[in-house]
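A.B. asks:
Written out as structure tokens, the structure is:
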């Protein structure tokens with residue numbers, strides 16, 4: 610090992626062995642990868658920043674032991690999720706052949722920084738897969754025994770469902786992040802498509818292109834427009850649909866080349882003209898909605914109806930002060946309009 614920094618020395622040795630055993634995977638792992646969502650603690654353990662929460666990836670000894678309980682001797686293990694490098698080390702030390710996969714390239718890199726696996730890579734005991742490579746794992750589902758990181762198995766729900774039920778013949782690439790992703794994924798599956806997550810913000814263009822080529826999806830679908838996604842659809846001849854659900858405070862930048870493969874849907878009618886002026890050809894006004902099978906209203910009965918059955922209801926404590934302020938303003942204006950009569954306020958209510 611040439612580096613005096615232990616972490617750097619480990620990743621150099623591991624990448625070197627990976628480059629010999631799996632050259633293409635090594636080249637992809639050395640491409641641009643954002644890792645700001647991984648928080649390194651003082652104890653060396655890594656936390657995952659997921660939306661507004663920091664989630665611990667390290668598993669305690671009891672949980673790690675549970676992962677090994679049902680393992681048979683001599684089987685090849687599919688390690689779903691690279692959250693805790695110690696799980697990989699313990700599997701290798703126990704003599705298992707391991708296929709390691711994670712959706713997040715930054716977590717694979719973290720393993721290569723944290724532990725020495727170059728010898729296992731060199732002797733073929735360990736193989737590494739990332740992102741869209743999950744489709745290759747599915748082909749060997751019956752040959753592999755699953756060991757899953759509990760937290761990542763829950764967070765990577767789309768891949769977990771593909772592992773459980775297999776991949777349909779038709780796939781949709783669903784861009785990661787954003788609101789309503791789970792609802793949209795469920796609706797896509799209800800239509801008979803498989804859902805494969807597509808990362809646009811944490812990896813480079815080469816990795817994105819590789820993912821789309823390998824997945825060969827019927828459609829790329831995303832919540833909110835990401836600059837350049839129109840070019841992605843054009844490069845691969847795949848329709849792209851973006852559902853704009855958040856207010857756009859920045860100036861809309863001009864489209865990059867042709868937008869014939871991109872279909873934009875926005876909940877703000879005024880944005881139709883704005884996107885059109887920026888060169889986007891297919892923009893449709895689509896009011897916000899939700900999954901009607903999941904979010905359908907429940908009709909209150911009996912005591913519930915008496916308690917909650919009001920003609921007008923206000924829900925949302927965060928706006929309670931504003932609601933009271935506007936109520937007072939309205940009543941003041943109404944009372945003045947009615948000539949200031951004593952009964953005007955009660956009438957206005």
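In the numbering used here, the protein residues as written are 610 to 958. Here a beta-carbon is modelled for each residue, glycine too, at the ideal position from N, C-alpha and C. In this text, all values refer to a predicted model and were calculated from it rather than measured experimentally.
How is the beta strand (DSSP E) around residue 965 delimited, first residue to last?
C.D. replies: This structure gives no information on residue 965, because the portion of the chain shown stretches from 610 to 958.
A.B. asks: So residue 714 and residue 812 are in contact, right, with Cβ under 8 Å, and what is the actual spacing, rounded?
C.D. replies: With 8 Å as the limit, residue 714 and residue 812 qualify as a contact, their Cβ atoms being about 6 Å apart.
A.B. asks: Taking only three categories from DSSP, how would you classify residue 620?
C.D. replies: helix
A.B. asks: Quick one: which unbroken beta strand (DSSP E) runs of 3-plus residues sit fully inside the stretch 790-838? Chain order, please.
C.D. replies: 803-807, 828-832
A.B. asks: Thinking C-beta only, is residue 710 closer than 8 Å to residue 746?
C.D. replies: yes
A.B. asks: Below 8 Å, how does it come out for the stretch 617-631 and the stretch 783-802: are there three or more Cβ pairs, yes or no?
C.D. replies: no
A.B. asks: What residue from 748, 635, 779 has the CA that sits closest to residue 799's CA?
C.D. replies: 779
A.B. asks: So, residue 706 versus residue 685, is the Cβ gap smaller than 8 Å?
C.D. replies: yes
A.B. asks: Can you tell me the Cα-Cα spacing of residue 661 and residue 790, whole angstroms?
C.D. replies: 16 Å
A.B. asks: Span of the alpha helix (DSSP H) holding residue 664?
C.D. replies: Counting along the chain, residue 664 falls outside any alpha helix (DSSP H), though it belongs to the beta strand (DSSP E) covering 662-665.
A.B. asks: Measuring only the C-alpha atoms, how far is residue 634 from residue 676?
C.D. replies: 27 Å
A.B. asks: Within the same chain, show all residues whose beta-carbon is closer than 6 Å to that of residue 610, passing over the 5 residues directly before and after it, in chain order.
C.D. replies: Low confidence applies here, because residue 610 scores a pLDDT of 49, under 50, leaving its location unreliable; read the following figure in that light. Excluding sequence neighbours, residue 610 sits near 618, 622.
A.B. asks: Can you give the Cα-Cα distance for residue 889 and residue 717, rounded to whole angstroms?
C.D. replies: 37 Å
A.B. asks: Can you give, in chain order, each stretch of the alpha helix (DSSP H) that sits fully within the stretch 700-727 and has at least 4 residues?
C.D. replies: 714-723
A.B. asks: According to DSSP, residue 783 sits in a beta bridge with which residue or residues?
C.D. replies: Under DSSP, residue 783 forms a beta bridge with 806, 830.
A.B. asks: Are the C-beta of residue 946 and some C-beta of chain D separated by less than 8 Å?
C.D. replies: Any reference to chain D falls outside this structure, which holds one protein chain only.
A.B. asks: Any idea what DSSP makes of residue 778, helix, strand or coil?
C.D. replies: coil
A.B. asks: If distances are taken between C-alpha atoms only, which option among 765, 819, 691 comes closest to residue 804?
C.D. replies: 765
A.B. asks: Just how far apart, CA to CA, sit residue 860 and residue 731?
C.D. replies: 51 Å
A.B. asks: In whole angstroms, what is the alpha-carbon distance linking residue 825 and residue 814?
C.D. replies: 16 Å
A.B. asks: Rounding to the nearest angstrom, what Cα-Cα distance links residue 670 and residue 756 in this structure?
C.D. replies: In this structure, the straight-line span from the alpha carbon of residue 670 to that of residue 756 is close to 15 Å.
A.B. asks: Within its chain, find whatever has a CB closer than 6 Å to the CB of residue 872; leave out the 5 residues flanking it on each side and keep chain order.
C.D. replies: 850, 891
A.B. asks: Taking residue 960 as the reference, give the member of 835, 852, 877 with the closest Cα.
C.D. replies: Because the chain spans 610 through 958 in this model, residue 960 falls outside it and cannot be assessed.
A.B. asks: In the DSSP assignment, find the alpha helix (DSSP H) that holds residue 646 and state where it starts and stops.
C.D. replies: Here residue 646 belongs to no alpha helix (DSSP H), and DSSP marks it neither H nor E.
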